[in-house]
Each structure stands twice: as structure tokens, then as C-alpha cells.
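One structure is given below, encoded as C-alpha cells.
Number of protein chains: 2
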Amino acid sequence: MVENRLDTTFQALADPTRRGMLASLALGETSIGELGEPFRMNFAGAAKHVKVLESAGLVQRRKAGRKQICTLRAEPLAEAEQWLKQWEEFWSLRLDRLQAIVEGSR
Amino acid sequence: MVENRLDTTFQALADPTRRGMLASLALGETSIGELGEPFRMNFAGAAKHVKVLESAGLVQRRKAGRKQICTLRAEPLAEAEQWLKQWEEFWSLRLDRLQAIVEGSR
């Protein structure tokens, strides 16, 4: 089964360490080792989370000498936000309807 | 460990069946059996997904005779959207910076 892009994005976001890593990457590209530091994580632990982010298309990885440098790819976040935005419209619609009911009952 | 609300929301959204169930619930409250129908799912299968949605605070369940009626609770979706919105600001900031660089190099 081909996994849906929204599936992998939301899955990647369902972990505080990975959300924290994305926040670090928002400040600029970083090595896997450095990404793990705030979480007192060794290379293997950090690499495991980076792999999930990479599979979701949220991180691009490249080698620079002995380091592996990660860069943020934010497109999937925009898609996830777009999906959630449709609910925003639904809430507004419900609020409009509620308002119409309230005004109609005056 | 107390699970973060964003963790459980994103986890619940990381499945196309559960996202479809939320879409059904957006049209109005529904029984667990009816929620499973579009996915050709039996009661047990549907109930499993509803439990995940309920744990994430996205669904409220009540008994009505022999049926279990589900209602959408959209607050966690708003919180998830809020979290994603901060990235939107970050993108705009990056675009502003890029624009400044481009304009500065003219």
C-alpha cells in the first residue's frame, strides 16, 4: 500500500522530539548529532527520529565530510495545514448558522 | 508519562479512515456502526478507530438505547492548526528575508 502523504506527515508530527527537531531546523541546517543534543540523545537515537522526518519528506539529508547535514523541507507542513484549514471553514459555517438561528429567534 | 495533546491529535490524524470518520462527523452526530460503513468496517473495527479519536478528545461518545452516538469535538484540530500556523509565519519571514536579499543585490 502506498502511504498517503498526510499519514506520514501527521505520524512524523506525533512526537515532541521530532517537533522540536523541526523547530531547530527552522533556524538553519544542522547535523544529526546537533539535532539530538537538546534531547540528550546519542547519534543513533537522533538518527532514528531524523529517518522518520526524512520518510515524511520533512527533512533532506546530505553528507558533508564525516557529518550528515539536515535541511528542513516545509512543504508537507503546508499540506497538513491546508487539510486542517478546511475544518476552519466548517467551524465558520457552523458559527454562521448558529448566528442565523439566534438572530431568527429574536 | 503524560502524553502531550498534540501527540495524540497528530497520531489520530495519521490514518485515512480516522480522517474520513471526522469528515462524516462534521456533517452531524453518527453511530459507530454508521461511521464504519463507508470503509466496509464491522462494529469492532470502527470502534477501535473511534477509541483513538476519543482518546485524542476529537470525539465524544454517548449511549442512545442500543446505539453509541459519536459527536465531533473540534478543539484539538484548532490547536493542531495553531501549531502549524507558527510555521506559516516562519515561511513568510523567510520570504521577506529572501526578498530583502534579492532587492539588496539589485
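Taken in order, these protein sequences are the chains called A and B. All residue numbers for the first sequence refer to this note's numbering, where the first residue is -18 and numbers rise by one. All residue numbers for the second sequence refer to this note's numbering, where the first residue is -18 and numbers rise by one. Cβ coordinates follow ideal geometry from the N, Cα and C atoms, glycine included.
Residues near residue i in its chain [Cβ-Cβ closer than 7 Å; skip 5 each side]
i        : result
R24(A)   : Per the sequence shown, the amino acid found at residue 24(A) is Phe instead of Arg. Same-chain partners within the cutoff: I13, G14 and G17.
R(-1)(B) : A(-7), H30, V33 and L34
E84(B)   : none
P57(A)   : R(-14), T(-10), A37, G38 and L39
G26(B)   : G17
K44(A)   : none
K66(A)   : none
Per DSSP, the bridge partner or partners of residue i
i      : result
L53(B) : V40(B)
K48(A) : A45(A)
S12(B) : I50(B)
Cβ shell of residue i (< 6 Å), same chain only, five flanking positions each side left out
i         : result
T52(A)    : E10 and Q41
R21(A)    : none
D(-4)(B)  : none
V(-17)(B) : With a pLDDT of only 40 at V(-17)(B), under the threshold of 50, the placement of this residue in the model should not be trusted, and no figure is reported.
Assigned secondary structure, residue i (DSSP; H/G/I helix, E/B strand, else coil)
i         : result
A(-5)(B)  : coil
N(-15)(A) : coil
R21(A)    : coil
E84(A)    : helix
Closest residue to residue i among the options (Cα-Cα distance)
i      : options                     : result
N98(B) : A37(B), K44(B) and P(-3)(B) : Nothing about residue 98(B) can be read from this structure; chain B reaches only from -18 to 87.
L6(A)  : A45(A), L39(A) and Q67(A)   : L39(A)
K48(A) : Q67(A), A28(A) and A55(A)   : A28(A)
R54(A) : G1(B), W68(B) and L8(B)     : W68(B)
Contacting residues, own chain, Cβ-Cβ under 8 Å from residue i (five flanking each side not counted)
i         : result
L(-13)(A) : E60, A61 and W64
P19(B)    : G1 and S5
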